[in-house]
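What follows is one structure encoded as structure tokens, with my remarks underneath.
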Amino acid sequence: MSWVQSKFTDFVVQPSKKRKFERSHESSSSNDDKTSNKPLKNSNCAEDKPKWRPRVKSDLVVNSKKVGEVESWLVYCKTREQPSILLLTGNPGCGKLTTLKVLCSELKINLIEWLPQVAQRKYDPEGGEYCQSLSSIFEEFIVRATRYSNILNAMSKRIVAVKDIPNCYLRDPVTFHEFLNKYARVHQVHLAFILTDGTKVRSLFPDHVKQSLNVHSVVFNPITLKGVKDTLKRLFPNKCHSYVDGISASCNGDLRKAITSFEFASKTGKLPSKKSKSSKSENDDKRDFLDIFHGLGRILYSKREKGKLVHDPVAVGESFFTSPDLFIGMLHENYLHTFSSIHDVAKAGDCLSSAEVLLDDMKDSSRTLSLTIASCGVMTNNSAPIKKFQQMNKPRKVVNVVSEFRARFSDSNVFLDVATYGRQIPSYAQENNEWLSRINELK
Amino acid sequence: MSLWVDKYRPTSLQKLDFHLSQAQHLRNLVNQGDFPHLLFYGPSGAGKKTRIMALLRELYGQGVERLRMEQMTFTTPSNKKVDIMTVASNYHIEVNPSDAGIHDRIVVMELIKNSAQTHQLDTSGQREFKVILLTEVDRLSKDAQHALRRTMEKYVATCRIILCANSISQVIPAIKSRCLAIRVPAPSHQQIVAVLQNVCKKEGLSLPSELAEKIAQKSDRNVRRAILMCETCKVQQYPFTPDQNVMEPDWQIYLRETAKIILSEQSPKKLMDVRKRLYELLTHGIPTDIIFKGLLTELGKSCDMALKTKVAELAAKFEHQMHNGSKVIFHLEAFVASFMSLYLHYLEDSVGSSEPFLTLWGQHRRAEAVGAGASAVDASKDTKEAVTCRRPNACRPPPRAAMGKTHSWLNHGLCR
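Printed below as a string of structure tokens:
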């Protein structure tokens with residue numbers, strides 16, 4: 001009877017599965033007592049830093065206002081029956097889940113966390129083996145986690161935290177909204193969603209959903225430089241502190257990364273004492289986190305020291321490898337403001353034109369080449385950049401207003417002639433007023 | 001009421017107004033029985049479409065004139081629906097696949113498959129093949145052209161393909177070699193005048209020959225535009241007067257103003273203004289080849305011969321890049337920037353010489369510069385085509401003797 005699965009033992013962490021549940025004040029089952037006895041801790045989750053995880057509210061380096069907002073929501077959940085959703089957003093490593101965990105343990109709220117998993121094979125006595133879809137696993141989990149209380153701590157409040165929303169919902173946000181409408185309107189259901197990507201947030205939680213489902217959203221800011229530094233110093237009181245500055249500067253408010261890289265550096269015995277080394281590695285790290293405006297700024301307002309460029313244009317270009325279209329588009333839209341000489345513009349424009357041609361080729365090598373040509377072309381050809389603040393514009397999308405009417409004619413030259421002169425001929429203009437009137441004069 | 005252009009379009013090969021020997025060739029082609037795939041090409045307004053329709057009528061008789069418009073829907077592999085307007089009779093179907101944008105490949109393949117898989121209903125009394133007419137083949141993506149090549153051979157038993165393009169430099173050689181290419185050159189000014197007189201006679205109007213000549217000059221040797229201009233003139237003022245104003249297309253005026261801005265000041269700030277105007281043109285659906293040609297013609301008027309060759313070279317280079325890339329504004333703007341830089345150098349070089357010298361240049365340059373500059377784009381891209389295309393220009397009188405030997409040599413080299 002191996003295919004019969006107990007509905008109670010499913011909360012067990014099985015090594016083959018990636019699915020894990022943390023329950024703060026219970027030991028989930030008999031055959032897994034080693035891992036789940038300790039509160040707020042995972043046995044094999046590499047990203048967690050149990051040693052350094054803050055236990056009390058005062059240990060949190062997150063802005064106290066934000067902590068207060070989350071706390072008030074938790075208190076609201078504890079006291080009321082109404083369904084409610086909390087939406088935590090912010091950069092990775094700024095302590096969203098940690099804050100939730102710490103506050104839950106303080107308020108004695110049971111936090112159940114959804115962890116990502118692969119669709120697994122199940123055995124069905126009738127149809128043989130089949131794959132359960134991720135969305136159905138997720139739905140099942142939510143139903144069980146919210147509706148059925150555990151016998152061991154039946155009285156305590158429950159909150160379900162979802163950090164990795166299954167991919168099928170990201171692809172099709174409408175199904176996610178249907179899911180929320182179905183499950184999140186029930187009493188006593190309190191869900192907390194944790195998201196990092198801003199565009200995902202907008203597609204998954206548009207305004208009408210937020211209003212109709214009573215969504216509280218809290219936006220976490222990256223941890224401040226001082227916060228990162230203080231934490232590192234507090235956690236590693238006996239380590240070399242000369243390295244702290246470099247790491248905290250390069251982590252961009254990602255505390256998790258800071259701790260990991262600090263630990264890695266100390267474990268491998270690379271904790272350097274020399275200043276020069278640390279400043280170099282700082283630069284290396286920083287390259288990965290260059291955001292688009294930062295990168296554009298470096299290229300457009302090319303900084304020079306003693307005739308040499310401060311930033312390497314190739315490196316700046318390469319850091320936008322994932323979105324070369326956007327980067328080159330932005331560069332093209334904004335480069336004119338910073339040029340003072342038309343001769344320089346001509347050279348830079350030539351480079352941008354070549355870069356755009358290469359961009360059309362989908363090969364990785366040509367995309368890199370294209371980025372390099374564009375960034376080098378604009379940066380090195382700008383001999384005297386105008387250093388004045390200019391608002392950066394998005395690349396303009398050319399919307400051809402007439403393309404829908406063009407299909408009436410066999411080719412675009414015919415259309416152009418008829419549209420130009422047809423307007424002047426009253427009898428024709430009257431008959432075709434519906435489309436002729438929509439073509440404006442050139443301004 | 002339909003426009004004169006449609007009303008007086010010759011419907012059969014016998015009724016054509018010009019290129020009569022070519023019409024005879026086409027008639028022979030139909031009578032001979034073995035009908036190949038055809039590729040019509042030539043400048044816009046030369047009568048390609050008129051000839052194709054007349055040819056179809058010769059092939060199938062009156063039936064091809066009963067046209068119906070249909071919307072066809074194709075599904076791309078990524079499940080996107082692409083709608084295309086088609087014009088069809090029982091014997092042929094006409095499509096402009098470039099409407100489908102990047103999905104043109106699927107349109108070309110599916111369309112040919114659909115219509116080629118069914119045979120003609122009654123093969124006894126008529127041809128055993130149908131005709132698929134594809135317009136604007138030069139705007140097809142390379143992908144679609146390669147797909148076309150294969151399907152062309154596969155369904156040769158049941159269908160013939162007639163392609164229509166402005167320039168064959170954008171058509172891949174594999175397609176060119178599978179078709180009988182038929183060039184339809186632009187009519188000469190005299191021919192346009194004759195057509196205009198003909199149309200006016202049928203309308204019962206009297207057209208002064210001076211005005212007809214003026215319209216022909218302004219029409220850019222485009223019959224369609226000439227007839228439209230003539231009809232507009234009639235609306236504006238009738239009876240005609242010889243010195244009547246002939247309306248130019250608004251985009252042509254707009255391009256001229258743009259060129260003026262470029263010539264007035266060469267700075268990144270002015271380039272910004274030019275960029276705005278270029279965007280304006282693009283959103284109004286002005287084809288990029290017209291923008292390039294128009295700018296080059298206007299800019300060429302203020303350049304001396306040495307500079308003009310350089311500018312034409314630049315235009316050729318950036319137009320070529322534009323065809324390889326996807327965002328046209330990059331290349332248009334790069335061309336304008338390069339021109340500004342070049343022109344500024346030119347001005348700075350001639351600053352030593354006196355001011356009257358410059359104005360003198362401007363005056364006589366205007367007289368002869370127009371054709372040479374524009375044709376240079378074609379010339380560097382596809383020499384053969386440009387050579388035949390510009391033949392009537394070759395009889396233009398050589399420029400002022402003062403321009404020197406090199407100058408006239410260059411001008412002839414480009415035009416002949």
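Respectively, the protein sequence lines represent chains A and B.
Letter by letter, the first sequence follows residues 1 to 443 of the UniProt record's numbering.
Letter by letter, the second sequence follows residues 1 to 416 of the UniProt record's numbering.
Using N, Cα and C, we set each Cβ at its ideal position, and we do this for glycine too.
This structure is a prediction, so every number in the text was calculated from the model and none was measured.
Item: In whole angstroms, what separates the C-alpha of V62(A) from that of F220(A)?; Value: 8 Å
Item: Determine the chain A residues that contact I235(B) at a beta-carbon separation under 8 Å, and present them in chain order.; Value: Here the sequence assigns Val to residue 235(B), which means Ile is not the residue at that position. Going along chain A in sequence order, the residues near V235(B) (Cβ under 8 Å) are Q424, I425 and P426.
Item: Relative to the C-alpha of S87(A), which residue among I137(A), L100(A) and S437(A) is closest?; Value: The sequence shown places Leu at residue 87(A), rather than the Ser named in the question. Out of I137(A), L100(A) and S437(A), L100(A) has the C-alpha closest to the C-alpha of L87(A).
Item: Cα separation between H294(A) and S203(A)?; Value: 26 Å
Item: According to the neighbour-count rule (16 or more other Cβ atoms, all chains shown, within 10 Å of its Cβ), is A88(B) buried or exposed?; Value: buried
Item: What is the residue span of the beta strand (DSSP E) that Q71(B) lies within?; Value: R68 to T75
Item: Strictly below 7 Å CB to CB, what residues from chain B border L441(A)?; Value: Checking the sequence shown, residue 441(A) turns out to be Glu, not Leu. Simply D250.
Item: Out of L211(B), G300(B), V82(B) and H331(B), state which residue places its alpha-carbon closest to the alpha-carbon of E231(B).; Value: L211(B)
Item: Assuming contact is defined by CB atoms lying nearer than 9 Å, are R190(B) and A157(B) in contact in what I supplied?; Value: Sequence check: residue 190(B) is Gln here, not Arg. The answer is no: Cβ separation not under 9 Å.
Item: Name the residue from L3(B), R105(B), V235(B) and L26(B) whose alpha carbon lies nearest to the alpha carbon of S12(B).; Value: L26(B)
Item: Would you identify the three-state DSSP class for K269(B), choosing helix, strand or coil?; Value: helix
Item: Taking F318(B) as the query, report the chain A residues whose CB atoms sit under 7 Å from its CB, ordered along the chain.; Value: S353
Item: Which whole runs of the alpha helix (DSSP H) in the segment 278–344 of chain B are 4 residues long or more, in chain order?; Value: 288–300 and 305–324
Item: So for W52(A), helix, strand or coil by DSSP?; Value: coil
Item: From the beta carbon of E65(B), is the nearest beta carbon of chain A less than 9 Å away?; Value: no
Item: Please identify, using Cβ separations under 7 Å, the residues of the segment 304–321 of chain A that lie next to chain B, in order along the chain.; Value: none
Item: Can you tell which of A186(B), C200(B) and Q117(B) has the C-alpha that lies nearest to the C-alpha of Y8(B)?; Value: C200(B)
Item: Looking only at its chain, what residues have a beta carbon closer than 6 Å to the beta carbon of V209(A), apart from the 5 residues adjacent to it on each side?; Value: H177
Item: By the criterion of Cβ-Cβ separation under 8 Å, what are the contact partners of V401(A) in chain B?; Value: T283, H284 and G285
Item: Does T260(A) come out as helix, strand or coil in the three-state DSSP assignment?; Value: helix
Item: For I84(B) versus T75(B), is the C-beta distance shorter than 9 Å?; Value: no
Item: Thinking C-alpha only, which one of M362(A), A384(A), T338(A) and S375(A) is nearest Q390(A)?; Value: T338(A)
Item: Considering only C-alpha positions, which residue in the set N252(A), S212(A) and F236(A) is nearest to L225(A)?; Value: N252(A)
Item: The alpha helix (DSSP H) spanning G227(A) covers which residue range?; Value: L225 to L235
Item: I'd like to confirm something about K317(B): is its beta-carbon nearer than 8 Å to some heavy atom of the ligand SAH, or not?; Value: Among the components of this structure there are no ligands whatsoever, and the ligand SAH is therefore not found.
Item: For K218(B), which residues of its own chain have a beta-carbon under 7 Å away from its beta-carbon, when the five flanking residues on both sides are left out?; Value: M229, V246 and E248
Item: Going by the CB atoms, is the gap between V186(A) and E113(A) shorter than 9 Å?; Value: no
Item: Between T146(A) and Q188(A), what straight-line distance do the alpha-carbon atoms span, to the nearest angstrom?; Value: 8 Å
Item: Answer with buried or exposed for I425(A), where buried requires no fewer than 16 other C-beta atoms within 10 angstroms of its C-beta.; Value: buried
Item: Short of 6 Å in beta carbon distance, which residues of its chain neighbour residue 445(A), apart from the five on each side in sequence? Order them along the chain.; Value: Coverage of chain A is limited to positions 1 through 443, which leaves residue 445(A) absent and any answer about it impossible.
Item: Would P39(A) count as contacting chain B if we go by Cβ distances under 9 Å?; Value: Confidence is the limiting factor: at P39(A) the pLDDT is only 37, short of 50, which leaves the residue's position unreliable, though a coordinate-based value still follows. Not an interface residue.
Item: Between the Cα of F330(B) and the Cα atoms of V311(B), F318(B), N96(B) and A259(B), which residue gives the shortest distance?; Value: F318(B)
Item: By alpha-carbon positions, which one of I132(B), V195(B) and K202(B) ends up nearest to P187(B)?; Value: V195(B)
Item: Relative to the alpha-carbon of A315(A), which residue among W52(A), Y183(A) and I373(A) has its alpha-carbon at the smallest distance?; Value: I373(A)
Item: I'd like the list of long-range same chain contacts for E257(B), defined as Cβ closer than 7 Å, with 5 residues on each side in sequence excluded.; Value: none
Item: Should E94(B) be flagged as near chain A, meaning a C-beta pair shorter than 9 Å?; Value: yes
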